[in-house]
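>
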Amino acid sequence: MTVGSQVKQSLASLKGIHAGLQSLALTSVEDEAKRNFHEAMLITEDIINDIKVRVGELEGEEPQYRGF
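Going by our numbering, the sequence shown opens with residue 14, and the numbers climb by one from there.
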């Protein structure tokens, strides 16, 4: 597995985690739990955006990583 495909696989996993946290934030009954899940969701959103930038860099540097 190439570095590019590993980074993209990590990105996909993070997107799944983000969706799970979003669901938990919406369905939690306790206010503190909602806040905690929402905060974690925002953190994962920032990480996802950072990794998307890195994927773009990898694709620019190494054409073989495009489309994986």
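For glycine and all other residues, C-beta sits at the position ideal for the given N, C-alpha and C. Keep in mind that this is a model prediction, so the values were computed, not measured.
Please report the straight-line C-alpha distance between S36 and P76, rounded to a whole angstrom.
Here the question's residue 36 lines up with position 23 in the sequence shown. Here the question's residue 76 lines up with position 63 in the sequence shown. Looking at the two C-alpha atoms, the distance is approximately 36 Å.
> On the three-pair Cβ rule with 8 Å, is the stretch 58-71 touching the stretch 16-30?
yes
> Is M54 buried or exposed, if buried means 16 or more other CB atoms sit within 10 Å of its CB?
Taking the sequence shown and counting its residues from 1, one reaches residue 54 at position 41. By the 10 Å Cβ count, M54 comes out buried.
> Expressed to the nearest angstrom, what Euclidean distance is found between the alpha-carbon atoms of F50 and K28?
Numbered from 1 along the sequence shown, position 37 holds the residue referred to as residue 50. Numbered from 1 along the sequence shown, position 15 holds the residue referred to as residue 28. Linking F50 to K28 through their CA atoms gives a straight-line distance of about 15 Å.
> What separation, rounded to the nearest whole angstrom, lies between the Cα atoms of A38 and I60?
By 1-based counting over the sequence shown, the position of residue 38 is 25. By 1-based counting over the sequence shown, the position of residue 60 is 47. C-alpha separation (whole angstroms): 18 Å.
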